[in-house]
Amino acid sequence: MRVPEVNLSELSLRPRQVVDQLERSPSRSVRIRRREKDKPDLLLVTAERAEQVAAAVSAAVTLLVELMRRNTETAETAEVLPAAFPWARYLSAAEVRTFVGELAETLERAESLGNPVPVATLVAKWKQTAEAHADPALAEILRRNDHKGQSSGQLS
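Take the sequence shown: its position 61, counted from the start at 1, is 83 in my numbering, and no numbers get skipped.
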């Protein structure tokens, strides 16, 4: 679904037209473009739509967390995770189980706060770990460290 876009100046010069556009939009949202390269665009959304999205995400997270908890120790987890995160194929079976457990906990906690940042941070860290395993030179360093009794798990 394409979200209508307007410049920030349009919002300040013609707010009623932007609100009309918002209300006609199937997504009940309008992207507000900013000209400054170092500033992200904004998203104007109706409160009702934001509440609907939050309720849908909350339900999905609750269901996903419960399914993950029930399957953490099974082979199914190792099969399903790479479908969502193809780079997870570079992780060991033990790392995949650890990632799933941490992901389930972080999803639940982040959802209870209404803040997705912890989930994005966790996924980014595990992706970095997979990238290190995918690079033969870095993978060898990790293997050497593991043989010295140091952890070769998630990079920080």
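Every residue, glycine too, gets a C-beta built ideally from N, C-alpha and C.
With DSSP as the reference, label N29 as helix, strand or coil.
As a position in the sequence shown, residue 29 is number 7, starting the count at 1. Looking at N29 - three-state DSSP - the assignment turns out to be strand.
Going along the chain, which residues of its own chain have a beta-carbon closer than 7 Å to the beta-carbon of E32, five neighbours each way excluded?
By one-based count along the sequence shown, residue 32 stands at place 10. Contacts found: V40.
Where do the N-terminal and C-terminal ends of the beta strand (DSSP E) with S114 fall, by residue?
Translated into the one-based positions of the sequence shown, residue 114 becomes position 92. Here S114 belongs to no beta strand (DSSP E), and DSSP marks it neither H nor E.
In chain order, what residues of the same chain have a beta carbon less than 8 Å from the beta carbon of P140, not counting five sequence neighbours either side?
The residue labelled residue 140 in the question sits at position 118 within the sequence shown. Here the set comprises T128, R131, A132.
Whole-number beta carbon distance between E117 and L151, since they are thought to touch under 8 Å
Locating residue 151 in the sequence shown gives position 129, counting from the first residue. Locating residue 117 in the sequence shown gives position 95, counting from the first residue. In the sequence as displayed, the identity of residue 151 is Thr instead of Leu. Yes, T151 and E117 are in contact; Cβ-Cβ is about 7 Å, under 8 Å.
Name the residue from V25, A126, L144 whose alpha carbon lies nearest to the alpha carbon of V87.
Working through the sequence shown from its first residue, we reach residue 87 at position 65. Selected option, being the one with the closest Cα: A126.
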